[in-house]
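Take a look at the structure below.
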Amino acid sequence: MARITLERLGHAYNRRDGTPNYALHPLDLVWEDGGTYALLGPSGCGKSTMLNIVSGLLTPSEGRVLIDGHDMTGTSVAQRNIAQVFQFPVVYPSKTVYENLAFPLRCRNMGNREVDRRVNEIAELLNLDTILQRPARKLTPDAKQLISLGRGLVRDDVAVILMDEPLTVIDPQLKFHLRRKLKDISARHGHTLVYVTHDQNEAMTLAEQVIVMDNGRIAQVGTPQELFENPTHSHVGYFIGSPSMNFLPVSAKNGKLNVAGQTVASGNVDGGDADNLVLGIRPEFVDIVPINTPMSLRANLSEIQDLGTYQIVTARLGNGPLLRVKAKSFNGVVGQEMALHLAPEWMRIFSDGKRVNAQVEQ
Amino acid sequence: MARVYPILKVTVIVLWSAFVIAPFLWALTTSFKTANGVTGGPTYIPFVDYEPSAAAWQGLFGGGGGSIDIAGPFASSMVVTLSASIVSLVLGTLAAYGLSRFSYKAGPIGNGDLTFFFVSQRIMPPVVLAIPFFLMLGWLGLLDTIAGLVIVYVALLLPIAVWVMVDFFNTIPRELDETAMIDGCTPFETFWRVILPNSVPGLVVAGIFCIIFGWNDFFFAFTLTFTQTQLLPVAIVSLNSSVTPWWSLSASALISVAPLIVIAFFVERYLDKGSIGGRK
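So the sequence lines, in the order shown, correspond to chains A and H. For the first sequence, my numbering begins at -10 and goes up steadily by one. For the second sequence, my numbering begins at 16 and goes up steadily by one.
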């Protein structure tokens, strides 16, 4: 087990004209010993690049990787004692399940008896004990993925377990089961776990800390709750939550916040009056209220999506932006007029994509 | 309509088989004929059409008053082909793994150029190589020796091995190497313990190509040997005289094809195995 520190770590490919093209902008990050972390972000945001640099498959163009305070940036993959599980399950096709699980130990020249003990222990943990003698290449993708995981768990010198979207190719039913198993194992063994995903539910259920990435930069690090309630970046509001946060152009003037010409709250924004701000509010915190309620927004119903346990009601403000509301049971005709109330305590104001402080009240 | 395809398929297969097998049958019957049996018009069925005789076969092994023994050249060919194929396969596989997995850069020259350099050896017409090979073997004192031929054949077969194996290694997902290294292997252990055990189909194909090209080569076997060393293709051609001995030529041709047929039977099962990609 170990603490991983990324120090001014960045990776750039040189463009034709010699200027650096960053896949990962220089950043500082610490993964504490025994913590579980999720790297969350859309494809191509630098998550896998970061993981491959930590495991040593990729050499960073700048910065350092420290494992327990030792600089490991230049060392080989084998010396780092890292377990990595890839998106597509990798097993050694020519070996049996048993030999697959035993392979990391064989690479360390461990005695047969100790190998046997550990392989059986891990096989039991992962429910692979009944198929140990089967050729690994004939298994289903989820069994293969369990083997990939098992190869990491079988070693006791693992500094950190890195998982790069390990559940992508797994059936939804089994996904749920595996996710629980992963959480179970990481809790029981106290491994430092870093989990890359673009699925927010996966990130939220598995990790104590979620690192949201965007375009090669870290947008925000926080607990699932922090990310949901207080996104510091409009990208986080957009990426976390289902449906994602509503964003409305807002202007702050003389102590009032105006959206599409209607006042929604009174309040002041740090930095003074401005009319190019964005108001973010989660669909959970918008209510449908009777028309003419003070401080409500006039809108026209544009769609009702019934998702069984709740509805997503979409309304258009004049000719302008759309606003999504999470509602229980709302009936209406498309085009009808309605009023929406935005809870002032949940309004978040952004400027150029970054959160700005604001005092907002009814 | 649905029945047309199977019928067409069987018809084509039958016709093609006949086309391929007929020359062998022809050679087989001819090899058991005497001069009279060959010149008296086409005959096919032994004992009815013609009187079979084993004279041609006996003659090839020094019996029946024949002046040659084909066993010696056969053994020499075996030694040269197998040695050269094994050396090419070992060196070629190592080179191919490097070219497939590591990046080399020397100025503007990269991996693709290196691979092409190997393959380009086969683009040159053999005649161009004959004189340099002759001179170099002369300097080394290896003209007309088995060792000299092995060296030359390695030069000819190595490009084939590299070419086939680079392509094959490129079909093996890189994640397999990466996983092995994460599990604690050095790059060489990765190659030896993980990649090689999964490369049997590629090795078989490369090996077959090496053996076929090595076994069938006539040109270098002819230009680089004189009296001490003789390979099978040269020995067969030297059977020819003012009266073409069709019977001995047929028998010797069958002998020279036999090893390849035996190999084909043994390795056939490896040939239909596709890539081992784990992404299905």
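Each residue gets a CB set at the ideal place from its N, CA and C atoms; glycine is no exception.
Cβ pair residue i, residue j closer than 9 Å
{"i": "residue 250(H)", "j": "residue 42(H)", "result": "no"}
{"i": "residue 164(H)", "j": "residue 240(H)", "result": "yes"}
{"i": "residue 258(A)", "j": "residue 292(A)", "result": "no"}
{"i": "residue 249(A)", "j": "residue 279(A)", "result": "no"}
{"i": "residue 87(A)", "j": "residue 191(H)", "result": "no"}
{"i": "residue 99(H)", "j": "residue 234(H)", "result": "no"}
{"i": "residue 180(H)", "j": "residue 115(H)", "result": "yes"}
{"i": "residue 155(A)", "j": "residue 182(A)", "result": "no"}
{"i": "residue 201(A)", "j": "residue 225(A)", "result": "yes"}
{"i": "residue 338(A)", "j": "residue 266(A)", "result": "yes"}
{"i": "residue 14(A)", "j": "residue 205(A)", "result": "yes"}
{"i": "residue 96(A)", "j": "residue 204(H)", "result": "yes"}
{"i": "residue 168(A)", "j": "residue 197(A)", "result": "no"}
{"i": "residue 112(H)", "j": "residue 206(H)", "result": "yes"}
{"i": "residue 67(A)", "j": "residue 199(H)", "result": "yes"}
{"i": "residue 74(H)", "j": "residue 263(H)", "result": "yes"}
{"i": "residue 238(H)", "j": "residue 168(H)", "result": "no"}
{"i": "residue 37(A)", "j": "residue 197(H)", "result": "no"}
{"i": "residue 32(A)", "j": "residue 1(A)", "result": "no"}
{"i": "residue 71(H)", "j": "residue 260(H)", "result": "yes"}
{"i": "residue 216(A)", "j": "residue 229(A)", "result": "yes"}
{"i": "residue 209(H)", "j": "residue 177(H)", "result": "no"}
{"i": "residue 47(H)", "j": "residue 38(H)", "result": "no"}
{"i": "residue 76(A)", "j": "residue 158(A)", "result": "yes"}
{"i": "residue 7(A)", "j": "residue 179(A)", "result": "no"}
{"i": "residue 11(A)", "j": "residue 30(A)", "result": "no"}
Neighbouring residues, chain H, relative to residue i (Cβ below 7 Å)
{"i": "residue 124(A)", "result": "Ordered by position in chain H, no residue passes the 7 Å Cβ test against residue 124(A), which lies about 12 Å from the chain."}
{"i": "residue 44(A)", "result": "197"}
For residue i: DSSP bridge partner residues
{"i": "residue 189(H)", "result": "Bridge partners of residue 189(H): none, in fact."}
{"i": "residue 0(A)", "result": "13(A)"}
{"i": "residue 76(H)", "result": "84(H)"}
{"i": "residue 211(A)", "result": "199(A)"}
{"i": "residue 276(A)", "result": "330(A)"}
{"i": "residue 21(H)", "result": "Its beta-bridge partners do not exist; DSSP assigns none."}
{"i": "residue 124(A)", "result": "85(A)"}
{"i": "residue 350(A)", "result": "255(A)"}
{"i": "residue 28(H)", "result": "Answer is none; residue 28(H) lacks a bridge partner."}
{"i": "residue 340(A)", "result": "343(A)"}
Cross-chain neighbours of residue i in chain H, by beta carbon under 8 Å
{"i": "residue 140(A)", "result": "194, 198"}
{"i": "residue 87(A)", "result": "Ordered by position in chain H, no residue passes the 8 Å Cβ test against residue 87(A), which lies about 15 Å from the chain."}
{"i": "residue 1(A)", "result": "Within 8 Å Cβ-Cβ: nothing; residue 1(A) doesn't reach chain H, min ~18 Å."}
{"i": "residue 93(A)", "result": "198, 199"}
{"i": "residue 66(A)", "result": "193, 196, 197"}
{"i": "residue 75(A)", "result": "190, 193, 194"}
7 Å Cβ cut-off: residues of chain A touching residue i
{"i": "residue 213(H)", "result": "82, 83"}
{"i": "residue 114(H)", "result": "None at all; the shortest Cβ gap to chain A is about 19 Å."}
{"i": "residue 209(H)", "result": "81"}
{"i": "residue 66(H)", "result": "Neighbours of residue 66(H) on chain A: none; closest Cβ ~56 Å, over 7 Å."}
Partner residues on chain A for residue i, Cβ-Cβ distance less than 8 Å
{"i": "residue 186(H)", "result": "Near residue 186(H) there are no residues of chain A at all, since even the closest Cβ is about 12 Å away, more than 8 Å."}
Under 9 Å by beta carbon: chain H residues contacting residue i
{"i": "residue 72(A)", "result": "197, 198"}
Interface partners of residue i on chain A, CB under 9 Å
{"i": "residue 204(H)", "result": "67, 96"}
The ligand COA heavy atom lying under 8 Å from the CB of residue i
{"i": "residue 18(H)", "result": "The ligand COA is not part of the structure shown, which contains no ligands of any sort."}
Minimum Cβ-Cβ distance from residue i to chain D less than 9 Å
{"i": "residue 5(A)", "result": "Of the chains in the structure shown, none is chain D; the protein chains are A and H."}
Query raised in the report: Counting pairs of beta carbons, one from the region 106 to 126 of chain A and one from the region 38 to 56 of chain A, are three or more of them closer than 8 Å?
Result: These segments do not touch.
Query raised in the report: Are at least three pairs of beta-carbons, each pair with one atom in the region 43 to 51 of chain H and one in the region 60 to 68 of chain H, less than 8 Å apart?
Result: Taking 8 Å as the limit for Cβ pairs, the verdict is that the region 60 to 68 of chain H does touch the region 43 to 51 of chain H.
Query raised in the report: What are the start and end residues of each continuous beta strand (DSSP E) run of 3 or more residues lying completely inside the region 88 to 162 of chain H, in chain order?
Result: Secondary structure in the region 88 to 162 of chain H: no beta strand (DSSP E) run of 3 residues or longer lies completely within the stretch.
Query - the region 29 to 40 of chain H in contact with the region 301 to 315 of chain A per 3-pair CB rule at 8 Å - result: Contact between the region 29 to 40 of chain H and the region 301 to 315 of chain A is absent, with fewer than three C-beta pairs closer than 8 Å.
Requested in this report: Quick one: which unbroken beta strand (DSSP E) runs of 3-plus residues sit fully inside the region 10 to 94 of chain A? Chain order, please.
Outcome: Listed in chain order, they are 25 to 29, 51 to 56, 71 to 74.
Query raised in the report: Using 8 Å as the Cβ pair cut-off and three pairs as the minimum, do the region 163 to 178 of chain A and the region 87 to 101 of chain A touch?
Result: Inter-segment contact for the region 163 to 178 of chain A and the region 87 to 101 of chain A is absent: fewer than three beta-carbon pairs are separated by less than 8 Å.
Query raised in the report: Do the region 128 to 145 of chain A and the region 67 to 83 of chain A meet, that is, are 3 or more Cβ pairs less than 8 Å apart?
Result: Here the region 128 to 145 of chain A lies against the region 67 to 83 of chain A, with 3 or more beta-carbon pairs under 8 Å apart.
Query raised in the report: Do the region 183 to 201 of chain H and the region 216 to 228 of chain H make contact, defined as three or more Cβ pairs closer than 8 Å?
Result: Flag = yes, the region 183 to 201 of chain H and the region 216 to 228 of chain H touch.
Query raised in the report: Touch check for the region 116 to 131 of chain H and the region 149 to 169 of chain H: three-plus C-beta pairs under 8 Å?
Result: No, because fewer than three Cβ pairs between the region 116 to 131 of chain H and the region 149 to 169 of chain H fall closer than 8 Å, the two stretches do not touch.
Query raised in the report: In the region 214 to 270 of chain A, which residue ranges form an unbroken beta strand (DSSP E) of at least 3 residues, counting only runs that do not cross its ends?
Result: Within the region 214 to 270 of chain A, the complete beta strand (DSSP E) runs of at least 3 residues are 235 to 242, 245 to 248, 251 to 258, 263 to 270.
Query raised in the report: Where are the beta strand (DSSP E) runs, 3 residues long or more, that stay fully inside the region 285 to 333 of chain A, in chain order?
Result: Look at the region 285 to 333 of chain A and you find these whole runs of beta strand (DSSP E), each 3 residues long or longer: 286 to 295, 300 to 305, 311 to 316, 326 to 331.
Query raised in the report: Where in the region 154 to 190 of chain A do unbroken runs of the alpha helix (DSSP H), each at least 4 residues long, occur, reported from the N-terminal end onward?
Result: Listed in chain order, the complete alpha helix (DSSP H) runs (minimum 4 residues) inside the region 154 to 190 of chain A are 161 to 178.
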